[in-house]
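Residue numbers (this note's numbering), protein chains in the order written: chain R, 1 to 311; chain U, 1001 to 1275. We put the CB at the ideal spot given by N, CA and C, even for glycine. Fair warning: this is a prediction, and the values are worked out from it, not measured in the lab. Before any comments, here is the structure.
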């Protein structure tokens, strides 16, 4: 299976966006080679601003640029973009509802060897609770490219969450990416697996293997965590009667929480949330860490089987 | 170089007086808000809005307009008074300061108030916006200028120094920042709470052209703005030595007037002095 890191797709998408639209500016905080904004900087040096190791000022400058009419894409690692600069994002971007897209790479434990200090497991939660902010977590390179174009056209602040390692390409170029609309990749009747980011590919593989065992599960790529696709969640809750969520993020406040909020209010059914159980990450290879924290195909299968018994 | 005439100085003085009177009246009406730091900045805002900036109240979003960022956003009353006086909105709005549903929020909201170029209030962030605005102006070869007003307590925020560094790094000679150097913050004298001194040396060390003036003398403010327009390749800081509560004897140089509004008796007393 062909693979691409979502950050690589982001870098290429920015260059395309820069070619199409003159109002696109890109900011980074000394991580442009890792976040891949260096691709844009190389082609459009006059529209690239390096803030140096100063994430707060990067976001503040992006706000000022957006206030003059620019569409600013600001990148760093997820931990610094959303953590270090949180209150600037809250007050300067979201409160003023400015056209700044915070596009953070190196989210989750698949940062790997750098360890827990650099593995953001709470960024979806803290971005999701900020008014005006949209949160998008693409599953592969193709949807990342489409997401970059889509969030350019979406007025207001957006948080785009990207990863470090290469992940399987799930979509072809004809895929239709709409902010706020989940994508049903598999139909099924016994349960629904709702995932975002790297967990989407794992849920697809789990669905195939469950099928072999005679269990039919639907798979949703819930690439937009906010605004969440309530309609689709309610529909699948009714149709399948059980939902498993999977994300490379804390189980507190992220995709799982967002799905539970809808299910609790609209159609209560058993839900199992997979993610990091209120713990920090640590050093290791990305695959070792996913295994350690139970974010594997095997665990999805196991948890789905337990979940279905609760129906 | 723009001419500084007796009549322009006279006009700026008159506007500053009206601004100060409006600050007192609107804070008396709202019952809460930041009086001292609004009064200390009145002469600076009067010079900006009634002499320096190229702006048109009928077209508050015009792309080539000069921009002003009130980085010390708690001094919102001085900005609102200047904008009302300039004609951005009806003066009656001033009586609605801090009231439910009012466009005049406790801290400036660009989405609500015509003429407010930046939503500020969380200290340190405005100067960062101003740097972004100046950067965008350079990028597009526009001729507008960007002005920011910082508090001297505000510069205790680390973000300010990130922004100052960036402004110098990107040669933003279209950016001028005032420091309202009144020496007091909520908990007391800045030198006791967390001294940012020597402030002029620090701005210089960060590569800014740095001027030190009396922030209540219109002639000195205008002359500094004239100088700033001639400086090429780097931003200009105007350290404006001011008096917190300036114009009301019982408020002057008193930290307790940082976040306190006058009662009706004090309003009458203050307006009696502001003539």
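By DSSP's assignment, residue 224(R) forms a beta bridge with 136(R). Contact between residue 135(R) and residue 226(R) is confirmed by a C-beta separation of about 4 Å, below the 8 Å threshold.
Spatial neighbours of residue 73(R) in its own chain (CB-CB distance under 6 Å, excluding positions within 5 residues in sequence) are listed in chain order as 26, 101, 103.
Between residue 1019(U) and residue 1113(U) the beta-carbon gap is near 16 Å, outside 8 Å, which marks them as no contact.
In this structure residue 220(R) touches residue 232(R) by the C-beta definition: roughly 7 Å separates them, less than 8 Å. C-alpha of residue 54(R) to C-alpha of residue 1162(U): approximately 6 Å in a straight line. Cβ atoms of residue 1177(U) and residue 1130(U) come within 8 Å of each other, at about 7 Å. For residue 1158(U), the uninterrupted alpha helix (DSSP H) run begins and ends at 1158 to 1169, by DSSP. Listed by position along chain R, the residues whose Cβ is nearer than 8 Å to that of residue 1129(U) are 60, 61, 63, 64, 67, 92.
Pairing residue 1057(U) with residue 1015(U) gives a Cβ-Cβ distance that is not under 8 Å. In summary, residue 110(R) is buried, with 16 or more beta-carbon neighbours lying within 10 Å of its beta-carbon over all protein chains present. Contact with chain R is found for residue 1163(U), since one of that chain's Cβ atoms lies less than 8 Å from the residue's Cβ.
Assignment of beta-bridge partners to residue 1249(U) by DSSP yields no partner. Among the CB atoms of chain U, none fall inside 8 Å of the CB of residue 101(R). Contact residues of the segment 70 to 87 of chain R toward chain U are 70, 72, 87 (C-beta to C-beta distance below 9 Å).
For residue 168(R), no alpha helix (DSSP H) encloses it; the enclosing beta strand (DSSP E) starts and ends at 166 to 168. Residue state for residue 1216(U) is assigned as coil, using DSSP reduced to three classes. When C-beta distances to chain R are compared with 9 Å, the residues of the segment 1107 to 1131 of chain U below that value are 1109, 1110, 1111, 1117, 1118, 1119, 1120, 1121, 1122, 1124, 1125, 1126, 1127, 1128, 1129, 1130, 1131, in chain order. Neighbourhood of residue 152(R) in chain U, by CB distance below 7 Å: empty, with the nearest CB roughly 17 Å away. In this structure, the beta-carbon distance from residue 114(R) to residue 76(R) does not fall below 8 Å. For the pair residue 271(R) and residue 1255(U), the Cα-to-Cα distance works out to about 56 Å. Beta-bridge pairing by DSSP links residue 273(R) to 245(R). Fully enclosed alpha helix (DSSP H) runs of no fewer than 4 residues occupy 1036 to 1039, 1042 to 1047, 1076 to 1086 of the segment 1021 to 1099 of chain U, in order along the chain. In this structure, residue 64(R) keeps its C-beta atom at 8 Å or more from the C-beta atom of residue 1159(U). DSSP places residue 49(R) inside the beta strand (DSSP E), whose first and last residues are 48 to 50.
For residue 4(R) and residue 145(R), the gap between their C-alpha atoms comes out near 11 Å. At a cut-off of 8 Å, the C-beta of residue 47(R) has a neighbouring C-beta in chain U. Around the CB of residue 1170(U), 16 or more other CB atoms lie within 10 Å, so the residue is classed as buried. It is roughly 13 Å from the alpha-carbon of residue 193(R) to the alpha-carbon of residue 223(R). Proximity of the segment 1026 to 1042 of chain U to the segment 1096 to 1107 of chain U meets the contact definition, three or more beta-carbon pairs being nearer than 8 Å. Taking the CA atoms as reference points, residue 17(R) sits about 27 Å from residue 1(R).
Proximity of chain U to residue 132(R) at the Cβ level (cut-off 8 Å) is not reached, the minimal Cβ distance being about 10 Å. The Cβ of residue 56(R) sits closer than 8 Å to at least one Cβ of chain U.
Residue 1030(U) is not a Cβ neighbour of residue 1142(U), given a cutoff of 8 Å. A contact between stretches requires three or more CB pairs, one per stretch, nearer than 8 Å, and the segment 1223 to 1241 of chain U meets this requirement with the segment 1204 to 1211 of chain U.
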